[in-house]
Amino acid sequence: MQMPDMLIPQVGVVTEIIKETPDVKTFRVVNIKGNKAFDHMPGQCAMLSIPGVGEAMFSISTSPTNTKYMDFSIKRVGVLTEYMHDKMKEGDHITIRGPYGKPFPVDTELKGKNILFVGGGIALAPLRSVIHYVFDNREDYGYVDILYGARSVADLVYYKEIEKSWTQRRNTNVYLTIDRPDDEWDGNIGFVPDYFKKIGFSTDKVVVLCGPPIMIKFVMAVLLEMGFKKEQVYTTLELRMKCGIGKCGRCNIGDKFVCMDGPVFRTDELDHIPNEF
Amino acid sequence: MLDQEKTFEPLIVAFCCNWCSYAGADLAGTSRLSYPPNVKIIKVPCSCRVDPIFMLRAFGKGADGVIVCGCHPGDCHYSTGNYFTRRRFALLFSLLDFMGIEKERMRLEWVSAAESAKFARVMNEFTEEVTKLGPNRRLMDIRNLPEGYEELGRGPHREVLDAQAPHARNIPSVVKIEEQMKARATKLLADGVVDRVLAWKAGDHETMPEPAFFDHPSQIENMVYNKYCAHNLSKYLMVAPWLGGKLFDGSTLIFLKPCDSYSFNQLIKENLINLEKTHIIGIGCGGTVQVEDLEEVGMWEKCGVCTKIHHPVGDEIIELENNSPRLDKNARFATVEAIEALSADDRFAFWQSQLSKCIRCNACRNTCPVCNCKRCVFSNNKYDMASKVNATEFEEQLFHIVRAFHVAGRCSDCGECSRVCPQDIPLHLLNRKIIKDINEFYGEYQAGQDIAAPEPLTSFDLNNDGQAGKN
Amino acid sequence: MNKTYKIALGNLSKLYGRINETQQIYLPVRRGGTLNFEKWHESAVVDLHGLKTTNTPKDLFLPQSEDLYTAKMDGTNIEIITKDFFDNAFVIFGVKACDIEAIAVMDNIYLSKHPVDMYYEARRKNAVLVSLACNAPKNACFCAAFNIDAANPKGDVATWILGEYLYTQAQNGKGKAFVEDIMGLFEPAEADDLLGLKAEIAEKAQSLPYSKLPLESFTGENMMKIFDHENWDFLHRACIGCGTCTYTCPTCSCYDIKDFDKCSGTTRFRCWDSCMYPEFTLMAHGNNRLTQKERFRQRFMHKLMYHPMNYDGQFGCVGCGRCINKCPVSLNIVKIIKSLGVEVAENANA
Amino acid sequence: MEKIGFFVCHCGSNIKATVDPNVVLDGVRSIPGIVVAEQYPYMCAKTGQNMIADAIKTNGLTGIVIAACSPRMHEATFRKVAEAAGLNPYMVEIANIREHVSWIHKNKEEGSQKAVALAKAAIAKVKLNAPLFPEENSVIKRALVIGGGIAGIQAALDIAEAGYEVDLVESSPSIGGKMAQLDKTFPTLDCSACILTPKMVDAASHDKINIMTYSEVEKVEGFVGNFTVTVRKKARSVCMEKCTGCGDCWNKCPVKNIPLEFDLGLQNRKAIYIPFAQALPLVPVIDREHCIMMKSGKCGLCQTVCQPGAIEFDQEDELVTQKYGAVVTATGFETINLDKFGEYAYNDSKDVITSFEFERITHGAGPTGGELKRLSDGRKPKSVTFIQCVGSRDISGRGKPYCSKICCMYTAKHAVLIKDKYPDVNVNVFYIDMRTPGKAYDEFYRRGVEEYGVKYIKGQVGKVVDKGNCLTISAVDLLDNVKMELETDMVILATAIQPVPSAKPLASMLSASIDTNNFMTEAHAKLRPVESPTAGVFLAGAGQGPKDIPETVGQAGAAAAKVIGLLSKDVLLSNPCTAMVDINACNGCSLCAPVCPYGAISYGPATVNDHGLKTIERVSHINQALCQGCGACVVVCPSGAMDLQGFSNKQLLAEVDALC
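Chains as they are written, first to last, in the numbering used here: chain C, 80 to 356; chain Y, 86 to 556; chain U, 133 to 482; chain F, 3 to 662.
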């Protein structure tokens with residue numbers, strides 16, 4: 080049910096809190112009646128808030144095909160996230176409003192293409208939404224490669240899910256790497272950009288790239304070096320957002336509003352806006 | 086909370102120091118002395134731990150009376166804590182009274198651990214007094230009124246004091262000083278004594294010079310100094326990366342008018358200026374003028390009452406010949422005395438009318454040399470006070486009272502806060518009232534005059550602190 | 133052409149009284165030494181001759197703080213209580229041409245693109261804008277630079293002060309209904325009487341020092357060139373990041389959303405914010421505009437470049453001159469336009 | 003997850019009578035975070051404590067709030083319970099609903115509402131508490147006892163017996179204090195010197211006790227376990243080592259007419275003197291105001307006469323600075339000044355004397371060699387009258403409001419002594435109430451009445467007039483309710499006692515709190531009578547309140563036991579509620595250093611990362627060992643960079659919010 084104004088949230092319930100890594104938890108949110116708060120497309124975000132503590136934008140990490148609930152994987156960084164990690168328990172209420180932002184073009188540019196997902200750290204959350212969407216409409220898409228890296232084994236988000244389900248999927252390769260050596264880890268050791276160069280992907284793919292700014296910078300360099308064109312690469316910008324409806328001016332970069340014209344951008348579009356992100 | 090139908094039951098918050106007054110309250114309990122349940126006690130380690138913000142927060146949230154209790158001066162468990170409390174709250178009560186808020190709503194009492202009788206007596210007396218006064222309406226955030234409680238009719242604002250007409254006065258030309266400034270600046274830059282010069286440069290209109298840095302002798306020719314250069318330059322040299330773009334580690338020549346040099350000296354005292362890297366030239370000043378729509382309107386208020394013609398700091402001085410202070414010494418506090426003479430209702434109406442114009446643009450805060458916190462309590466939510474805007478009248482009062490208090494004893498009365506206020510609120514009156522009180526209670530003190538002098542609010546004087554604290 | 137009426141300046145207070153019976157009136161009131169738009173009451177000192185108010189009509193459409201909703205907290209359970217939107221009619225009187233244009237700029241931001249801002253829309257629907265021509269524009273005014281005609285202000289009803297009379301002309305249906313409603317106090321008048329006054333105003337507006345500014349080079353293609361221009365280095369140096377320019381500017385409309393916890397629950401309200409404050413884009417892990425230069429540049433780029441790119445050429449500035457008068461360190465948008473506009477134009481064709 | 007346990011104590015009926023525990027529980031049960039909300043008649047009892055411990059363990063509580071009596075009573079108890087149950091002791095908050103609510107408000111409904119408000123405030127505070135860990139600092143194994151009377155001597159002896167070094171500081175030339183001036187002691191009438199001098203000798207000869215007489219404490223710094231005290235040893239002008247105490251010097255000294263303080267001026271002394279025969283150390287002192295040599299340089303007889311050559315006129319004051327783990331104050335008492343009590347004609351008649359002066363008169367070494375004589379004409383008095391409560395229990399403001407406790411007994415003693423020695427002298431005592439509460443006290447007093455015939459008159463004295471050869475007393479006999487006139491030869495005033503003047507400055511040096519009568523305030527009247535609220539400072543003797551010798555010795559032993567308990571620890575846990583600075587917000591403006599009474603704040607460079615902008619900046623630094631957590635610096639800091647652990651700005655604001 081759409082609220083009269085996009086700024087007014089509806090009350091949601093956190094049905095489950097799953098501890099992914101020491102500083103990342105996944106919060107499963109439904110509305111009061113127990114079903115999905117609203118429909119959304121992969122890559123879109125929602126504003127979660129605890130009255131009196133704060134409100135912040137988080138990417139929805141479940142796919143639109145999942146009609147029962149929405150997941151938010153949240154890292155413990157700021158005032159609100161600290162409260163959510165330390166003080167919230169299952170069954171607590173939370174307010175939710177959205178969806179906000181332009182989604183990944185899954186039904187347009189990405190349709191029918193081979194997709195290469197490159198993720199770093201917590202940034203796998205927005206990607207997971209697209210990955211699940213692709214898995215649920217598998218035949219609409221070509222080969223899927225997932226390259227995901229994190230600081231350590233403990234920091235690999237959705238590690239169990241990746242191991243059990245993603246690696247078993249048809250025409251799907253999963254490459255995992257961690258920054259520093261770890262005794263119970265037999266996989267690749269090294270940063271995502273270096274591992275990317277080691278594997279060497281063919282350029283007949285659309286790239287969906289999310290991660291901390293330094294990782295994006297280095298991966299872009301490797302992509303261009305390997306012949307990828309900027310039009311093939313999509314990424315998300317992580318900026319402070321308050322209203323989520325392009326009015327409050329906070330996420331204004333150049334003539335674009337990240338909360339309306341993004342957060343998903345094609346990397347060539349990023350060259351047409353001032354380098355302030 | 087308060088309820089209209091039943092007789093008025095005041096809410097009293099008492100801050101009691103752990104070692105004396107809290108123990109006194111305990112003893113009052115053990116000896117079964119009774120005092121009204123309206124009094125609610127918050128334990129603090131020492132009376133010096135009570136921040137004026139706590140008292141204002143209590144009033145804001147609906148308290149009708151706030152009382153701070155501590156050990157008798159000399160008995161403080163931390164030996165000097167209550168001396169600071171005594172000075173701080175004497176000034177706070179006087180300032181709030183100046184703003185028309187009934188001073189019977191607030192009290193400072195010394196109660197030792199053995200004086201249970203006095204504790205009970207004081208609490209009974211205070212509750213009675215506040216009950217007579219009625220609910221706190223002048224220093225309260227109406228958003229805290231319980232649902233369905235009719236909001237006090239905020240009638241249209243009353244004009245109490247007519248706005249001060251700017252002092253009309255002829256202003257001596259300072260063109261000779263400008264020439265000497267340019268000469269010195271060019272020389273010092275050329276010789277490499279300094280790497281940049283901070284002064285004023287011509288704007289695109291004669292009345293609009295702007296503070297500017299000159300990095301090369303060739304730029305000096307559009308340096309300017311005239312009666313429109315009212316800006317106080319001291320804060321630009323404050324070591325604040327977030328203010329000055331990339332960190333500058335060269336040396337700077339700064340030109341300071343007499344009033345600015347007091348502010349600069351205060352910043353030096355607060356270790357915010359890198360003295361080795363600063364070359365100071367004090368320049369004479371004949372007074373600066375207010376400009377509205379690029380036309381002169383009249384001398385700035387701060388220049389009208391200016392008595393500062395000397396520079397307390399400066400490597401060189403470029404004097405203005407035959408410069409005499411504009412008015413006699415007590416013109417400075419004339420308006421303050423005029424307001425003090427008003428009735429409490431009129432004083433409240435005056436400040437209610439003035440502060441209601443405030444749009445919280447922070448010009449007064451960002452231009453004030455001693456309002457130099459890296460992250461102000463009003464803009465970081467670590468302190469739970471963060472508020473960007475005056476949603477209610479209480480927040481207007483809160484912002485200006487807390488600001489006046491944070492600069493108390495450090496404000497050199499440079500008048501910048503009133504000059505920059507877009508709504509022309511006479512903010513300097515709050516600071517000048519505190520300065521007047523400090524001079525009266527604790528002896529003449531001019532901030533920025535002498536680096537070594539102890540500041541009024543971080544020092545005490547055993548023999549003459551008494552009479553102020555006995556309200 | 134709608135009919136022209138006039139009313140003697142003498143019985144304007146009767147007019148206000150009459151209007152006040154049905155709706156509130158906001159008009160320039162001189163109080164405590166400042167001219168501000170304030171609610172009318174009998175003892176208010178109305179001053180239609182003052183050039184411009186310190187506050188702007190923005191106060192009435194995007195109030196400095198406005199409650200969005202209240203969340204009642206019972207333990208960890210939340211209940212959202214919304215309040216119905218603003219719906220008491222009001223008239224805003226004596227709005228100059230630049231401020232009327234500013235309202236048009238704000239309308240673009242809040243109403244032209246989905247989703248429409250309901251709070252703003254409710255207030256705009258309830259307002260009747262009565263504009264007033266500027267008899268005496270002063271040096272700091274540069275509405276002419278944005279070809280805003282000070283002599284023929286838009287709005288629902290336009291008014292002019294000529295001699296001892298206030299001439300009114302409804303501009304649209306809403307204005308017509310408003311004027312008919314208070315017809316009794318007016319007497320018919322000739323539109324041509326105003327021609328002389330209009331010409332005089334237009335001539336005065338054109339002759340002001342800042343009435344012609346090099347705005348041509350502020351177009352979409354030059355965005356990156358102007359953004360990376362090295363003049364920003366010295367243009368921003370004097371700025372102390374106080375936010376006066378944004379709070380007194382009629383077109384600055386950025387806001388923040390904050391909470392206030394009362395005993396009965398938490399009220400979430402939106403309030404003005406300024407891109408000049410360091411906390412504007414402060415995030416837990418960093419701040420994409422770390423120093424004052426970036427913040428200073430963002431403000432003027434948004435007004436001169438980004439807003440026009442999004443709303444087909446409409447500049448985010450209306451030349452009201454408030455930032456010229458109110459900046460504590462004498463910085464303003466004219467200096468930016470002059471410094472960047474000229475240089476970009478020169479090396480554009482060099 | 004935040005789990006708060008809330009416990010309401012009935013305190014028997016103390017709380018339950020005027021505060022309804024169920025109302026309090028219901029008032030807080032719905033507050034987010036409250037997991038356990040229970041009540042129990044005696045929370046501080048073992049069963050109550052176990053209830054809390056179990057609640058902590060089973061629910062994994064992160065914080066507990068106990069609504070009970072004052073934190074000054076049982077905060078430590080409940081903190082120990084929390085610590086034992088594995089919860090950081092500083093995650094405990096107390097809502098004081100007994101002393102501040104139930105005991106002072108009769109109306110149960112209002113009381114309960116106020117208790118709910120205070121409970122909410124405590125809960126709001128505990129939610130913002132952070133676990134704190136006291137720091138450990140060393141304990142200096144040495145004690146300082148100030149005051150060389152029986153209290154100081156006893157305390158020093160007990161501490162030394164436990165093997166710790168003790169410095170005993172006495173301002174007069176010899177230890178012994180007021181007890182040395184007494185003749186006999188009640189109720190056993192054994193001679194004061196006989197029971198005191200052995201203790202003085204033990205103290206003087208004890209290897210662990212270092213006695214510093216004719217010395218005063220000048221400066222005290224530091225805190226419990228680490229006091230640094232500077233003592234000024236005034237120049238005696240006699241070398242302690244060389245002098246044998248032979249007495250040649252004070253016999254030879256020509257200056258004779260200086261009133262001897264020890265004898266309250268009733269006898270004279272020389273310029274070089276010892277206060278009394280059994281003085282310890284037996285070394286004279288030169289009174290520099292009256293010594294001719296010191297004034298005009300023209301005498302020096304004592305120097306010539308002294309074989310060991312111990313006289314040193316050029317001796318200087320000596321400042322001794324020493325570190326101590328604990329300090330015992332035993333500054334004793336003095337009688338009040340009687341100028342304001344004109345009705346007793348004390349200043350006009352030589353035959354109106356205070357009990358203390360009478361003590362000197364009956365003393366063998368006293369001015370009259372122990373003989374009962376009128377000081378005016380030396381005649382043996384036929385009638386002696388005592389007047390009780392002179393200046394004590396006085397509400398007129400001239401004297402002291404409290405009862406001086408020892409006068410009833412010493413007057414009974416004096417009366418018996420007179421009747422014993424001069425049975426024919428009749429002795430009258432004007433009294434208000436006879437207070438003889440000690441062991442064998444009342445029996446002694448009754449013996450005085452029945453066997454020795456001391457006449458006790460219950461009534462107050464209006465006026466005393468000196469008629470030259472006798473004194474007339476006009477008074478009221480309350481039992482027969484009749485005015486009466488009485489002629490007598492000598493009037494003895496049982497004068498009120500007060501702390502010595504040096505007690506007040508000493509207390510502020512130690513930052514120990516004293517009450518309005520300048521008696522040292524004890525940490526708790528019933529439960530901690532021998533400790534000052536200031537950690538590491540202990541109280542013994544009349545300096546803490548009027549008391550007789552048995553109580554003083556008992557208290558001195560108790561204080562010594564506390565000192566021994568403190569010094570036996572190698573490490574002391576310091577108060578963790580100290581200030582801390584957020585270097586990101588600190589401006590380095592040095593507003594905080596001037597207000598710190600302990601000098602705990604210094605400044606230095608530190609790397610600061612302000613959201614990605616790394617710079618080196620001058621910031622404030624707190625020495626956690628010195629900081630006592632008063633909070634002065636927190637309020638002076640405008641940016642809120644300085645905060646106080648345990649009483650942070652957010653916590654106190656939360657408490658204010660919860661209360662309003």
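By construction, the Cβ of each residue, glycine as well, lies at the ideal position given by its N, Cα and C atoms. Since we're looking at a predicted model, the values are computed, not measured.
Specify the secondary structure class of residue i as computed by DSSP and reduced to three states.
i: K342 (chain F); result: coil
i: Y321 (chain Y); result: helix
i: Y104 (chain C); result: The residue asked about is misnamed: residue 104 (chain C) is Lys in this sequence, not Tyr. Three-state result, K104 (chain C): strand.
i: M339 (chain C); result: helix
i: D482 (chain F); result: coil
i: S77 (chain U); result: Nothing in the structure corresponds to residue 77 (chain U), since chain U is present only between 133 and 482.
i: G329 (chain Y); result: Legend: pLDDT at G329 (chain Y) = 45, less than 50; position of this residue unreliable, value from coordinates given subsequently. Coil, per DSSP.
i: Q269 (chain F); result: coil
Out of the options, state which residue places its alpha-carbon closest to the alpha-carbon of residue i.
i: T245 (chain Y); options: U:R163, U:V466, U:C386; result: Looking at the sequence itself, residue 245 (chain Y) is Val, so the reference to Thr does not match. For the residues U:R163, U:V466, U:C386, the minimum Cα distance to V245 (chain Y) belongs to U:R163.
i: K48 (chain F); options: F:A537, F:K82, F:N24; result: F:K82
i: L541 (chain F); options: F:L146, F:A442, F:S622; result: F:L146
i: V26 (chain F); options: F:Q41, F:C13, F:V37; result: F:Q41
What do you get for residue i, buried or exposed, if any count of 16 or more other CB atoms within 10 angstroms of its CB means buried?
i: R448 (chain F); result: exposed
i: N519 (chain F); result: exposed
i: K528 (chain F); result: exposed
i: F350 (chain U); result: buried
i: Q309 (chain F); result: exposed
i: G484 (chain U); result: No answer is possible for residue 484 (chain U): it lies beyond the span of chain U, which begins at 133 and ends at 482.
Assuming residue i and residue j make a contact with CB atoms under 8 angstroms, what is their CB distance in whole Å?
i: D102 (chain C); j: R176 (chain C); result: So it is not a contact: roughly 25 angstroms between Cβ atoms.
i: Y163 (chain Y); j: Q630 (chain F); result: 6 angstroms
i: G91 (chain C); j: I153 (chain C); result: Contact flag wrong, Cβ pair sits at about 14 angstroms.
Does the Cβ of residue i lie closer than 7 angstroms to at least one heavy atom of the ligand ZN?
i: H164 (chain C); result: Ligands displayed in this structure: none; no statement on the ligand ZN is therefore possible.
Whole beta strand (DSSP E) elements within the stretch 568-655 of chain F, 3-residue minimum: Counting only runs of 3 or more, we get 573-575, 581-583, 603-612, 615-624, 644-646.
Taking only runs that begin and end inside the stretch 366-425 of chain F, name each unbroken alpha helix (DSSP H) of 4 or more residues, in chain order. Those alpha helix (DSSP H) runs which fall completely within the stretch 366-425 of chain F and span 4+ residues are 409-423.
What runs of the beta strand (DSSP E), each 3 residues or longer, lie entirely inside the stretch 203-248 of chain C? Those beta strand (DSSP E) runs which fall completely within the stretch 203-248 of chain C and span 3+ residues are 223-229.
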